[in-house]
Amino acid sequence: MTRIPITGIGVIAPGAIGVDAFSKILDSGKTAASAIDRFDTTPLRAHTAALVRDFAPKDFIAPMKLRRMNNLSRFGVAAARLAMTDRGGPLSSAAGVAMGTAFGPVQTSVDYLQQYVERGAALAPPQLFAESVANAPGSHAGIEFGLRGFNITVTQRESSALAALMYACSQIAKGMVPAAVVGGVEEVNEIVFGVLDRVGSLAHANGTIDECARPFDRRRNGMLVGEGGAAVIAEASAGRSAYAFASGFGIARDVTATISDWGEGSDAVVGAMRAAIEDADLSLHNIDAVYASANATARADRLEWRAIQSLFTDVPPVVATKGYFGEYAAGGSLQLIAAILAMRDQMLHASTGFAEKDPEMRFTPTREPLKRELRHVLVNSISAGGGIVCAVLSREAA
Amino acid sequence: MRKPDPDIRIAITGAGILCSIGRNKDEVWNAIVESRAGIRKLTRFPGETFPTDLAGEVDEPALSVPRRDAKRLSRSDRLAIVAAGEAIAQANGVPLDRAIVSTGTSTGGLLEGEDFYFTRLLRGRRRAPASRVLQQPTSGPSDAVARAFNLGGGVVSNATACASAGAAIGMAADYLRARHVDAAVAGGTDALCRLTYSGFNVLQAVDSNPCSPFAAERKGITLGEGAAYLVLERWDDAVARGAKILAELCGYGATCDAHHPTAPHEEGRGAEAAMRGALCDGRTSAESIDYINAHGTGTLLNDSSETRAIMAAVGTEVPVSSSKSYFGHTLGASGAVEAVITVLALTHQIAPPTLRLESPAADCPLDYIPHTPRPMRMQHALSNTFGFGGSNVSLLFRRA
């Protein structure tokens, strides 16, 4: 059995640039949500998002290159640079890149079509077209750091980043690359936010409660959306101490899910969790905590808690992190990084936003930071449409 | 974690394809052997003023999908369901509950998203139909195929520009080798849309005539659309259940030029490495390669750099052709569409030609099989697919 060390972390997150700042946000227990001032939310029910506000891309990317990048590419390249710095130096040119994004370059497509309408189909800016592909951030990272291994972009909604990690680790284990930059990018824009609001996916005030994402809470009524970029460095061997090790993956699909919503098939989630644990050559009792996918939507959270309490007779501590930085944040990679930091610190985070347990739940998500010996942590990612990816992180190399 | 086991062989037990020259394998192969292209005047976007007006469009009746959710499916979704359906039907008996869907797509439902954007830009946001933008995500086709056929092994979407489908097929093969899944429906889909049609034109990458890959007079691509899927299983599993094996997917190589956001490396650095990677993964020598289905877009730079890469990785004697001369560049689907054609070539022992290759370019000195199909013995074939950002994937197939 192989375990893949995670040796570097780079974060451009809502309220935090860099892994230390991100760790402080998590330790604070406070959400990074704030009122949206980027576009007008007056006609909408939701008015908050977890936005990246303090990011200065010129701190990470040369001006001439910046002009050729959209926001997603800037997030991706900056996060990759931070991760390599955190690792202690650049990677071999044989390294690969695997990025994840849920919605990708929607805003760039809109910007291109705006020019298309104004100037005509033959005169829209080619630079915008070049950035309208979802793999532009990964490509820029490959170019910027001279990485010539595989370069792929996974777009599996909420599971994108964990699916990217699964692929990257498989290629490292297979011996195709010595290392990989693995991460995700996302931006909050008016189009996606407006549509998610219109279909009732977003947390909103309803007279008795204020607007707040409440994962696993009986009063939950929708998600917070987040943005940013994040990357980890996965390697065949750790030149220095690793944050944690990716030790197992499981993948499945809930066949009861519709194309754009979560289903009721908790058995499929159980199957993916069990597969990840078996892939790590572990047993259920080895799992010390679960970093849940819970995003505070009614169906997704119910699906996951039913699966967790079906799989575990004695449910280990469960942490819901999306109250901090929202769903989709950095393509889903912030949840993964939160779990990695928990292993580093041997400290579980509080489930921000959670207060009142749903009566059906047999476990209580963490209310406060919890010091704990964490040898193996399960990370879940369950996407609308039925996709499920689970991973096990381990503290030791073997 | 289990690593992909190189000793596990991957069998192809089903294939489906849909593009401008046919609605299924038989129609596509008949067009191939008759040297009949499917590039015509673009009809999809009347009134738009593009500098060029040709495309490889799929006829509308071929998109009939009598399934639940039909109104919520994008054109790319429907293309995918048709092609995947053909592949799954051929692989009769494949364990669908443990099958993953791995789809490559560059645009996903962007065609439908454009309806939303144009309405919003021209008529105001209150009139823009949110349902259209919900069809846009590039995860849509994989989700749609998975739901249409109740596939329970997982779902993953790969949006690596024009290398998407090749990457999706390679990923699925490795997940089979690592025993994460017991079968895979792996391929790609992309529908023509205004943004890409305009975009390649503003990049001045489109030929005003039907594309002529590797020709001296080549000026660029012709845009197309389509979908294709392969059903993959572990060889021993396929044999055990008595499945008919069409060919073997021996391995793949995936690399990045790390050179330019849209242009390939002039020397074909990444493409060469991808082909070498496929040979290494498939434990096959360069001398064993009998045919290469090239990426062969028809752009000046791709065809010359790919030729250099082939010469460096495989040699100067191997026959090469570009199927894009039949149906154009199907973008994110191209890796799957051309993989299916490569499998058909191995099955029929006929190498597809490159159409309209009147006079090969000076920088393209290989044997490109001009005009007509060539019956020949083929044991191993490579299928190349490259994308924006310098992503390259090469798939290695062996005759069953």
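Note that the protein sequences, when read in sequence, are chains P and D. Residue 137 is where the first sequence starts when you use my numbering, and the numbers rise one by one after that. Residue -8 is where the second sequence starts when you use my numbering, and the numbers rise one by one after that. A virtual CB, placed ideally from N, CA and C, is assigned to each residue, including glycine.
- The beta carbon of His251(D) is closer than 8 Å to those of Gly381 in its chain, skipping five residues each way along the sequence.
- Taking CB atoms only, Pro262(P) has a neighbour in chain D less than 7 Å away.
- Listed in chain order, the beta strand (DSSP E) elements of length 3 or more contained wholly in the segment 159 to 214 of chain D are 174 to 181.
- Of the candidates Val313(P), Ala260(P), Gly285(P), Tyr379(P), Ala260(P) places its Cα closest to the Cα of Asn192(D).
- A distance below 6 Å between beta-carbons, with the five flanking residues on each side excluded, links Ala416(P) to the following residues of its chain, in chain order: Ser383, Gly384, Val528.
- In the three-state DSSP reduction, Lys507(P) falls in the strand class (E or B).
- Looking at the backbone, the Cα of Thr43(D) and that of Gly211(D) are separated by about 11 Å.
- Annotation for Asn516(P): Ala428, Ser429, Cys526 place their beta carbon closer than 6 Å to its own, counting only its chain and skipping 5 residues before and after.
- Leu125(D) has a beta carbon lying within less than 7 Å of a beta carbon in chain P.
- Inter-residue distance for Ser296(P) and Glu25(D) is about 43 Å (C-alpha atoms, whole angstroms).
- DSSP places Val85(D) in the coil class of the three-state scheme, outside both helix and strand.
- Taking a beta-carbon distance threshold of 7 Å, Pro255(D) does not count as an interface residue toward chain P.
- Taking 7 Å as the cut-off, the beta carbon of Gly289(D) is found closer than this to the beta carbon of Pro204(D).
- Short of 7 Å from the beta carbon of Val49(D), and not among the five residues preceding or following it, lie these beta carbons of its own chain, in chain order: Leu9, Cys10, Ser11, Leu70, Glu216, Gly217.
- For Val515(P), none of the residues of chain D pass the 8 Å Cβ criterion, the least Cβ distance being about 13 Å.
- For Ala238(D), no alpha helix (DSSP H) encloses it; the enclosing beta strand (DSSP E) starts and ends at 238 to 247.
- Not a single CB atom of chain P sits nearer than 7 Å to the CB of Phe140(D).
- Under the three-state reduction of DSSP output, Met266(D) falls in the helix class.
- Excluding the 5 residues flanking it on each side, Arg365(D) has same chain C-beta neighbours closer than 6 Å at Ala342, in chain order.
- With a beta-carbon spacing of about 7 Å, Ala164(D) and Tyr243(D) fall inside the 8 Å limit used to define contacts.
- Residue contact check for Ile142(P) against chain D: no CB pair falls below 7 Å.
- DSSP places Ser93(D) within a strand segment (E or B) once states are collapsed to three.
- At least one beta carbon of chain P lies nearer than 7 Å to the beta carbon of Arg(-7)(D).
- For Pro361(D), the pairing in a beta bridge is given by DSSP as Thr345(D).
- Of all residues in the segment 379 to 403 of chain P, only Ala382, Ser383, Gly384, Phe385, Gly386, Ile387, Ala388, Arg389, Asp390, Val391, Ala393, Thr394, Ile395, Ser396, Gly401 place a beta-carbon less than 9 Å from a beta-carbon of chain D.
- Assigned with DSSP and collapsed to three states, Ile(-1)(D) falls in coil, not helix or strand.
- Interface annotation, His320(D): not in contact with chain P, CB-CB separation never under 7 Å.
- Counting C-beta pairs closer than 8 Å gives three or more between the segment 93 to 103 of chain D and the segment 126 to 141 of chain D, which meets the contact rule.
- At a Cβ-Cβ threshold of 7 Å, Val146(D) and Gly523(P) count as neighbours.
- When Cβ-Cβ separations below 7 Å define contact, Asn422(P) makes no contact with chain D.
- For the C-beta of Thr246(D), the chain P residues within less than 7 Å are, from N- to C-terminus, Arg284, Gly285, Phe286.
- At least one CB atom of chain D sits nearer than 7 Å to the CB of Val331(P).
- A Cβ of chain D is located within less than 7 Å of the beta carbon of Phe265(P).
- Interface with chain P (7 Å Cβ-Cβ cutoff): Ser65(D) is excluded.
- Pro(-3)(D) and Glu224(D) have their C-alpha atoms some 14 Å from each other.
- Against chain P, the CB of Thr376(D) has no partner CB under 7 Å away; the residue lies outside that interface.
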